[in-house]
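For the sequence shown, the residue numbers in the numbering used here are 318 to 410.
In this text, a Cβ means the ideal position worked out from N, Cα and C, and glycines have one as well.
Please read all numbers here as calculations on a predicted model, not as lab measurements.
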Amino acid sequence: MPQLITAEALSNFRVRLSYDDGITGEVDLSPLVGRGVFAAWNDVASFNQVRIGEFGELVWDNNIELCPDSLYLQVTGKSLEEIFPDMSANSHA
């Protein structure tokens with residue numbers, strides 16, 4: 318999978334992400350706000366502290382991490398099978 322290279326917090330709990338394959342896009346994280354660990358984002362300043370972690374994940378200081386691969390699928394609108402077509406063929410073998 319492509320590597321996450323930049324992350325920027327936007328208004329309304331959205332993030333702009335850029336990947337090393339040239340893909341850039343926004344993901345709406347507002348449905349998570351206030352739920353479980355994401356209650357920390359009730360303080361918008363906390364949400365705005367987004368950064369890329371040492372393993373390429375999206376992180377916030379209050380122990381919130383999001384998978385960059387899952388976010389890539391959201392940005393591109395593609396399924397895992399579209400990115401890795403051999404995965405679905407091998408899973409039926």
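Measuring straight from C-alpha to C-alpha, what distance separates residue i and residue j?
i	j	result
A324	N359	20 Å
T393	P348	19 Å
V350	D403	36 Å
V376	R333	14 Å
F330	D345	6 Å
D338	P319	6 Å
A356	E374	20 Å
G370	I340	19 Å
R352	N380	14 Å
Helix, strand or coil for residue i, going by three-state DSSP, please let me know.
i	result
I381	strand
G342	strand
E398	helix
A410	In this prediction, A410 has a pLDDT of 48, which is less than 50 and means its spatial position is unreliable; what the coordinates show is noted afterwards. Of the three classes helix, strand and coil, the one that applies to A410 here is coil, per DSSP.
V361	helix
Count the other C-beta atoms from every protein chain shown that fall within 10 angstroms of the C-beta of residue i, then say buried if there are 16 or more, exposed otherwise.
i	result
V361	exposed
V354	exposed
F372	exposed
Going by C-alpha distance, which of the options is nearest residue i?
i	options	result
Y336	E382, N365, I381, L388	L388
S363	S328, I340, I400	S328
E343	D378, S396, A357, L390	L390
D378	R368, L321, D386	R368
E382	Q366, K395, E399, I400	Q366
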